[in-house]
Amino acid sequence: MKKMVGVINLDSECHNFQDLELFRNSASIPFGGRYRLIDFTLSNLVNSDITEVAIFIRNKFRSLLDHLGTGENWDLDRRHGGLFILPPDWNDPNDISKGDLQFFYNNRDFFIRSRSNHVLISGSQFIANTDYKEAFQFHIDRNADVTLVSVQTEELTSDLDPYFRIHADDLGWVQEISNDKRNPLIFTGVYIISKELLLDLVDECIAYGKENFFRDGIKEKINGLKVQTYRYRGYHAFVNSVESYYRHNLNLLKEDAYRQLFYKKHRIRTKASNMQPAKYEKNADVKHSILSDGCIVNGSVEKSILFKGVKVKEGATIKNSIVMQYATIEAGAYLENVIIDKDVRITRGQRLIGSGEKPFVVKKREVL
Amino acid sequence: MKECIGMLLAGGEGRRLSPLTNNIAKPAVPFGGKYRIIDFTLSNCANSNIHTVGVLTQYNPLELHQHIGNRKPWDMDRQDNGITILSPYTAKTGGDWYSGTADAIYQNMHFIEENDPEYVLIISGDHIYQMDYQKLLNEHKVNNADVTISVIEVPWHEAPRFGILNTDENMRIYEFEEKPEKPKNNLASMGIYVFNWDVLKTYLIKDAKQETSSHDFGKDVIPQLLKDGMKLFAYQFNGYWKDVGTIQSYWEANMDLLKEDCGLDLQSSNWRIYTNHTDDPPHFVSSRAIVKKSMINDGSFVYGGEITESILFRNVEVEDSCNIHQSIIHPNVKVGKNSILEKVIVMEGTNIPAGTIIRGNDEEPAVINQEMLNQSYVAMGGEK
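Going down the list, the sequences are from chains A and B. Read in order, the letters of the first sequence correspond to residues 4 to 371 in the working numbering. Read in order, the letters of the second sequence correspond to residues 1090 to 1473 in the working numbering.
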């Protein structure tokens, strides 16, 4: 049976999360009331029957390691394979690799030892609930060197600017990968490549002093490679900045979007929570919102997302806001268009109002 | 050798909880929006650092076995100890069902011997409480007792419903009365015992030989120990404790969770209640819903209507204009629009058609499942 090994490459992602990534790698930013961004990719890999997943992460990884643990919540705590958090270097004096190539080069053993012949590489900012089995089959059937997963977007918002665009012929063979912002066929950052080719291209890139595997190894060599594109058609979001984070979170309040992302054949997996079901007290007034377990609500909440363990005291009001784990909103406080990070305390009577496009962000652990 | 191991009696049929226990063992009955009854006892073990626990199962064990099978939520998936499921078995000498609580332990004495503990904690999986068993064990050691029984003060008028322990001023037990008409005391046995292993062993063997015995701790073993003048002490527990043996008490215990301060703290960071986790997304409440004094678990969808003093388990869907009051809705239930549920327990997977009206009475809540709904539909010619 043909199998894939998964790689989540966090080394070449956009970072416009400002205060939300002060204390964490952006892959572990909380999302959707209960998840972390990386959960979507990780679940999609696991749901593609991938049982070996490597994560390339260079810095600020305490939060991510805490979240991932042994990988048990994704069934990645295995005798063979499972979850590998791979470091970028080994202080090898002969190592001249740079950028994300360091990860591939210094962890060759991981790839060589794997019994899988194909590698699926993904970032953490493409949010969807899918599996890549069909894409993999497609990759094999077309006998492609590389298969890029793409989406056709209807609305070209500015936060999509950093993503590569794909130009393909009628048969799906990719002619060019560009930065053309008007092209609606967007590369999701998810691609499949054979292990052998991957390792060869890595060596070649390093020999020429390159720094980025996808850009230098695939995009620039597109003419010498047989590259296919596979279109994903389900619900998806690109989350790479505070604004897109805010917009796509609140978009989940559209029931249809919420169902499409979470109520599919596969559930998105995440770290287990041990809190009680959300508790509504006598003055609770909750409308059109998403609430996680452990919340205790005695105030009013509208069009908002509350992560686990959030306390909303009597007379507090929360509107169009995202409130992360364990935050306490004290009596009489008023929040509108605000993102509250973990462990924050908003004191009595405090008023915080952001704009619909630019939400006000309160940093982790702050008391305001 | 281990200092203390737990033996958790989870084989009871829970007949008075029928129909909740028609297809599952009582300890596996869903409780509190997320848990199963046995989670409380298992979490008490985990939080009390008792990591070797034999769980004795018998009646309808499938879901119970599935629930505790991976042992993970209670950190009991360890190399050296953890949960061992002890079901009735046959051997060279034959085999039999567990005929009573003492017989169940007797038949698994080899498990205890293998662990060679000093003390054995005997508990059951049908009570809701948060208790540190180490305190009980300490008291047992301080008193140099043979057996220590945990007791709780009950209102005098309720005492005749319990097994009452009569004690001297040092809490030494001199008499045990099962459901006394005129109680001399209001300290009720919680069915939680700490035994010195050697004493337990001796008395289990003795009891097994007695043909007239019903092989029950409360009825046979404890009276025999008292008769022989062994040192039995009572340990008084002062927290929330509820026997959820009947539909009404099950409902009451659930409703207690909705009170501001009922004595249970499911969120307490040093005494969490653990259960198997699910991958449900957070619950969704639409703009047309009113929810007050209620608990709602992940995965649920509330489209509209009014939910008051109720508990919704995972993946419950409530359609528009429903009125749900003082009800407990088990997982994967759909409540069709315009339905009214008052003091109702809806069992797992029930699909309630639109416009259904069900009310419990003062004495007891109504319990419904799919089977009952289908039958009442036939009886009413498909109309409601």
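Glycine included, C-beta positions come from ideal geometry on N, C-alpha and C.
query: Whole-Å CB distance - I1238(B) paired with S1278(B), under 8 Å assumed; result: 6 Å
query: Residue-chain proximity (S1410(B), chain A), Cβ-Cβ < 8 Å; result: no
query: Cβ-Cβ distance between L1254(B) and N1233(B) below 8 Å; result: no
query: Listed by chain order, chain A residues near Q1356(B) by CB distance under 7 Å; result: M278, Q279, G297
query: C-beta neighbour in chain A for G1444(B), strict 8 Å; result: no
query: Alpha carbon of P362(A) to alpha carbon of D80(A), nearest angstrom; result: 38 Å
query: Nearest residue (CA-CA) to G126(A), options F190(A), H83(A), R82(A); result: F190(A)
query: Of the residues L89(A), I88(A), Q105(A), the one placed nearest P96(A), counting alpha carbons only; result: Q105(A)
query: Residues that M1384(B) contacts on chain A, provided the C-beta gap is smaller than 9 Å; result: Q279, P280, A281, K282, Y283
query: Span of the beta strand (DSSP E), counted from its first residue to its last, around M1344(B); result: Careful: M1344(B) lies outside any beta strand (DSSP E), inside the alpha helix (DSSP H) at 1336-1345.
query: Which listed residue (A1099(B), G1121(B), V1391(B), D1369(B)) has its alpha carbon closest to that of Y1187(B); result: A1099(B)
query: Distance, K213(A) Cα to V230(A) Cα; result: 21 Å
query: Partners in chain A for V1374(B), counting only beta-carbon separations shorter than 8 Å; result: V289, K290, H291, S292, I293, L294
query: Where the segment 47-81 of chain A meets chain B: residues whose CB sits under 9 Å from a CB there; result: E75, N76
query: Contact the segment 158-168 of chain A vs the segment 177-194 of chain A: 3+ CB pairs below 8 Å; result: yes
query: CB contact below 8 Å: G1470(B) versus chain A; result: Because the pLDDT of G1470(B) is 46, which lies under 50, any placement of that residue in the model is unreliable, and the question is left without a value.
query: Close beta carbons around H1156(B), own chain, < 7 Å, minus the five adjacent residues each side; result: A1117, R1125, N1365
query: Residue-level contact to chain A via CB, Y1324(B), 8 Å cutoff; result: no
query: Buried or exposed by the 16-neighbour rule on C-beta atoms within 10 Å, applied to N47(A); result: buried
query: Candidates V122(A), A281(A), N110(A), S15(A): closest to G1121(B) by CA position; result: A281(A)
query: When Q140(A), Y108(A), V8(A), T133(A) are compared against K268(A), the one with the closest alpha-carbon; result: T133(A)
query: Minimum length 4: unbroken alpha helix (DSSP H) runs contained in the segment 188-258 of chain A; result: 198-210, 245-254
query: Inter-residue Cα distance where the pair is Y1195(B) and L1145(B); result: 11 Å
query: Closest Cα partner of L89(A) within the set E305(A), F64(A), A260(A); result: F64(A)
query: First through last residue of the alpha helix (DSSP H) which encompasses K1295(B); result: 1286-1298
query: Beta-ladder partner(s) of H170(A), from DSSP; result: E179(A)
query: Local conformation of A1180(B) per DSSP, three classes; result: strand
query: Three-way DSSP call (helix, strand, coil) for D1409(B) in this model; result: coil
query: Check whether V8(A) and F107(A) have beta carbons under 8 Å apart; result: no
query: Members of the segment 1336-1361 of chain B near chain A, C-beta cut-off 7 Å; result: L1355, Q1356, R1361
query: Continuous beta strand (DSSP E) assignments of at least 3 residues falling wholly in the segment 1109-1182 of chain B; result: 1141-1145, 1171-1175
query: S1428(B) versus W1286(B): straight-line alpha-carbon distance, rounded; result: 55 Å
query: Span of the beta strand (DSSP E), counted from its first residue to its last, around S1239(B); result: 1236-1242
query: Near-chain A residues of the segment 1419-1431 of chain B - C-beta to any C-beta below 9 Å; result: none
query: Residue of N1359(B), I1362(B), G1388(B) minimising C-alpha distance to D1369(B); result: G1388(B)
query: Burial state of V49(A), where buried means 16 or more other Cβ atoms lie within 10 Å; result: buried
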